[in-house]
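Chemist:
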Amino acid sequence: MNTALLFWNNIISTCGVPKIIISDRDPKFTSQFWTSLYDMLGTKLSFSTAYHPRTDGLAERIILTMEDILRRLCAYGME
Numbered sequence: 015m016n017t018a019l020l021f022w023n024n025i026i027s028t029c030g031v032p033k034i035i036i037s038d039r040d041p042k043f044t045s046q047f048w049t050s051l052y053d054m055l056g057t058k059l060s061f062s063t064a065y066h067p068r069t070d071g072l073a074e075r076i077i078l079t080m081e082d083i084l085r086r087l088c089a090y091g092m093e
């Protein structure tokens, strides 16, 4: 629940609903909860091709960027 609330309050409410999310096949992104949420929001979920270094590298870089953004938002909210 905390992850969903943080996602809603800090990403969707400030940046809007993403049109597309490209991710690796990590179970965190493929769970029933997240796939249902993406369906309800109209967000297209695309997965990188397994063992495709270029796509995996792009997804990993975006994930690192998002982690940094979320970390900063969480730190800002605790001040």
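Just so we're aligned, residue 15 is where the sequence shown starts under our numbering, counting upward by one.
Glycine residues also receive a C-beta, built at the ideal position from the N, C-alpha and C atoms.
Everything numeric in this text was worked out from a predicted model, so none of it was measured.
May I ask which residues mark the beginning and end of the alpha helix (DSSP H) holding K58?
Modeler: Counting from one through the sequence shown, the residue named residue 58 turns up at place 44. Unbroken run through K58 is the beta strand (DSSP E), 58-61; no alpha helix (DSSP H).
Chemist: Quick check: the segment 39-49 against the segment 78-93, are there 3 or more CB pairs under 8 angstroms?
Modeler: Taking 8 angstroms as the limit for Cβ pairs, the verdict is that the segment 78-93 does not touch the segment 39-49.
Chemist: If you compare alpha carbons, which of T63, L51, I34 is closest to L19?
Modeler: On the sequence shown, position 5 is the one that residue 19 refers to. Looking at the Cα atoms, L51 is the closest of the given residues.
Chemist: Once DSSP output is grouped into helix, strand and coil, what is the label at S94?
Modeler: Summary: the structure shown does not reach residue 94, with the chain confined to residues 15 through 93, and so no result is reported for it.
Chemist: Starting from M34, follow the beta strand (DSSP E) in both directions and report where the run begins and ends.
Modeler: Position 20 of the sequence shown, counted from the first residue, corresponds to residue 34. Just to set this straight, residue 34 is Ile in the shown sequence, not Met. Where I34 is concerned, the enclosing beta strand (DSSP E) stretches over 34-37.
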